[in-house]
Amino acid sequence: MLYHLLYPLHTTITAFNVFRYITFRTIYASLTAFLICFFLGPWVIRRLRYLQVGQYIREEGPQSHYQKAGTPTMGGLLIIFSIVASTLLWTDLTNGYIWLILFITVSYGLIGFIDDYLMQVKKRNKGLSAKGKFLLQTAIAFAGATAVFAWPEADTRLTVPVFKAISPDLGLWYIPFAALVIVGTSNAVNLTDGLDGLAIGPVIIASVAYMIFTYVTGHIEIANYLQIPYVADSGEISVFCGILAGAGLGFLWFNTYPAQVFMGDVGSLSLGGAIGTVAVVAKQEILLILVGGLFVIEVLSVIFQVGFFKMTNGKRIFKMAPLHHHFELKGWPEPKVIVRFWIIAIILALLSLSTLKIR
Ligand code: 57M
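Residue numbers (the working numbering): 129 to 487.
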């Protein structure tokens with residue numbers, strides 16, 4: 129909005145020329161998203177308490193979580209509001225990628241909202257059935273992936289980090305592949321959201337990493353210099369990534385240990401869907417394994433735990449999966465698990481950025 133309203137005025141007020149710059153808009157869009165969460169947070173938390181949207185704690189969880197019962201959840205509603213408002217305010221709304229990412233973010237938020245509503249408000253201890261949730265996510269991801277495939281300048285080649293010579297063309301297989309990235313990332317963030325701030329921290333870190341990647345892929349000179357695919361108009365996505373990071377920081381203000389609010393599935397599914405979609409449109413899907421490495425580690429811990437459990441009918445690799453519960457049961461205080469997982473996420477994101485130079 130501001131971009132469309134104020135930039136054209138730069139002929140009279142030259143100061144408004146700044147609205148043209150992606151860096152300027154990214155910084156102020158990020159600050160806007162942060163401030164919306166920061167100032168609206170207390171009110172939202174009070175409303176969620178009033179509406180009794182208190183977290184239901186499953187009995188088989190770690191003992192230490194029992195005192196969390198009743199913590200307001202569905203704080204993801206605040207995150208999504210902040211993301212949508214800041215995106216409408218600060219991005220170039222003629223950019224199709226922005227609308228695609230917003231579509232996935234909001235529709236995944238809707239799936240999560242239904243799940244949370246059934247689980248928390250209807251007190252049904254299961255939300256949407258896992259199958260129902262997965263089918264909805266897959267359908268929406270396929271719609272998004274098909275839109276990317278049908279894009280005029282669609283490029284179905286896969287970018288392989290480090291090995292610039294390898295870029296297999298997936299052709300029609302690009303659609304299921306892209307859909308898988310979006311659904312997988314969404315569920316990976318959902319699984320990780322099991323300790324105070326544990327999911328939002330790596331979401332912020334991944335957003336900053338992709339903010340840099342999309343700025344670079346959208347900048348033809350830098351992209352060519354670094355020999356990575358130039359994706360026209362993808363630079364605008366770095367404004368969105370800044371908004372993701374800003375909204376994440378604003379939410380973290382209240383979600384940090386001891387959490388005053390949880391994001392709920394409405395938050396984890398939508399943030400994961402947003403990051404997965406950003407990775408797809410920026411053509412950095414494989415790199416997501418590194419950028420979102422902590423989410424990958426958490427999912428793998430569950431896969432190995434369940435697999436091993438089934439193979440040895442009853443033995444466990446970890447005390448409990450996902451991995452964060454294992455360290456909790458080993459006696460690490462919750463904040464120690466959280467910050468150490470953030471440190472790992474930061475290191476993996478730095479490694480992912482280093483692949484820009486190692487080509
Ligand atoms: C998403 N949800 C948290 C909160 C948050 C297959 C299996 C690994 C699935 C997994 C599962 O059910 N995952 C669901 C994780 C839950 O958080 C809520 O859910 C939203 C995110 N989707 O926003 O509303 C609990 O996490 C804690 N929490 C915090 N701070 C936060 O900021 O402390 C969340 C956010 C909250 C709160 O206690 O209630 C969750 O953990 O369910 N299942 C598990 O993760 C379970 N693991 C398990 O069953 N492991 C088995 C097998 C299946 C691998 C094993 O190891 O043998 C654990 N989680 C729970 N109970 N709650 C252990 C059992």
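Every residue gets a Cβ at the ideal spot worked out from N, C-alpha and C, and that includes glycine.
Legend entry - Other residues of its chain near Tyr358: CB distance less than 6 Å, five sequence neighbours each side excluded: Ile348 and Ala351
Inset, instruction - Tell me the start and end of each unbroken beta strand (DSSP E) in the region 393-423 that is at least 3 residues and wholly inside, in chain order. - result: none
Legend entry - Cβ-Cβ separation, Leu221 to His132 (assumed contact under 8 Å), whole Å: 7 Å
Legend entry - Heavy atom of the ligand 57M within 7 Å of Ala402 beta-carbon: no
Legend entry - Buried or exposed by the 16-neighbour rule on C-beta atoms within 10 Å, applied to Gly401: With 16 or more other Cβ atoms within 10 Å, it is buried.
Legend entry - Leu523 and Ala473 closer than 8 Å at C-beta: Residue 523 lies beyond the residue range present for the chain, which begins at 129 and ends at 487; the question has no answer from this structure.
Inset, instruction - Compute the Euclidean distance between the alpha carbons of Gly198 and Ser192, then round it to the nearest angstrom. - result: 14 Å
Inset, instruction - Mind checking which residues open and close the alpha helix (DSSP H) that includes Pro136? - result: Looking at the DSSP string, Pro136 is not in any alpha helix (DSSP H), and its letter there is neither H nor E.
Inset, instruction - Give me the Cα-Cα distance between Met129 and Val434, rounded to the nearest whole angstrom. - result: 48 Å
Legend entry - Residues near Gly376 by beta carbon distance below 7 Å, same chain, minus five either side: Only Ile328, Val331, Ile332 and Ser335 meet the Cβ criterion.
Inset, instruction - Starting from the C-beta of Leu481, find all residues in its chain whose C-beta is less than 7 Å away, skip the five residues before and the five after it, and write them out in chain order. - result: Ala337 and Ile340, listed in sequence order.
Inset, instruction - Could you tell me whether the Cβ atoms of Phe291 and Thr284 are closer together than 8 Å? - result: no
Legend entry - Inside the region 288-361 only - alpha helix (DSSP H) runs reaching at least 4 residues: Taking 4 residues as the minimum length, the alpha helix (DSSP H) runs contained wholly in the region 288-361 are 302-320, 328-345 and 348-354, in order along the chain.
Legend entry - Phe455: CB within 7 Å of a non-hydrogen atom of the ligand 57M: no
Inset, instruction - Quick one: give me the first and last residue of the alpha helix (DSSP H) that Gly535 is part of. - result: Residue 535 falls outside the range modelled here, since the chain spans only 129 to 487, and no answer is possible.
Legend entry - Start-to-end residues for the alpha helix (DSSP H) that takes in Ala267: Ala258 to Phe277
Legend entry - contact_flag[the region 198-210, the region 160-170] where n(CB pairs < 8 Å) is 3 or more: yes
Inset, instruction - With a 10 Å radius around its C-beta and 16 neighbouring C-beta atoms as the bar for buried, classify Lys261 as buried or exposed. - result: buried
Legend entry - CB contact flag (Trp381, Phe166, <8 Å): yes
Inset, instruction - Let me know the secondary structure DSSP gives Pro200 once reduced to three states. - result: Pro200: strand per DSSP, three-state reduction.
Inset, instruction - Taking 8 Å as the cut-off, decide whether the C-beta atoms of Tyr135 and Ser398 are in contact. - result: For Tyr135 and Ser398, no; Cβs fall outside 8 Å.
Inset, instruction - Compare the C-alpha of Tyr194 against each of Gln183, Gly203 and Lys438 and name the closest. - result: Gln183
Inset, instruction - Give a yes or no on whether the C-beta atoms belonging to Ser362 and Tyr225 are separated by under 8 Å. - result: yes
Inset, instruction - Would you check if the distance between the CB atom of Ala269 and the CB atom of Val317 is smaller than 8 Å? - result: Taking 8 Å as the cut-off, the Cβ atoms of Ala269 and Val317 do not count as close.
Legend entry - Of the listed residues Thr313, Leu457, Gly459 and Ala275, nearest to Ile425 (C-alpha basis): Thr313
Inset, instruction - Please indicate yes or no: does the CB of Gly255 lie closer than 7 Å to some heavy atom of the ligand 57M? - result: Incorrect: Gly255 has no Cβ contact closer than 7 Å to the ligand 57M.
Legend entry - Separation of Thr440 from Ala373, as counted between CA atoms: Computed Cα separation, rounded: 42 Å.
Legend entry - CB contact flag (Asp244, Gly378, <8 Å): no
Legend entry - Length-filtered (4 minimum) alpha helix (DSSP H) runs lying within the region 150-211: 150-178
Inset, instruction - List the DSSP bridge partners of Arg285. - result: Asp297
Inset, instruction - Classify Val467 as buried or exposed, calling it buried when 16 or more other Cβ atoms lie within 10 Å of its own Cβ. - result: Of the residues assessed, Val467 falls on the exposed side of the cut-off, its CB having fewer than 16 other CB atoms within 10 angstroms.
Legend entry - Met247 - DSSP class collapsed to helix/strand/coil: helix
Legend entry - DSSP state of Met439 mapped onto helix, strand, coil: helix
Inset, instruction - Check whether the Cβ of Pro450 sits closer than 7 Å to any heavy atom of the ligand 57M, and report yes or no. - result: Distances between the C-beta of Pro450 and the heavy atoms of the ligand 57M include at least one below 7 Å.
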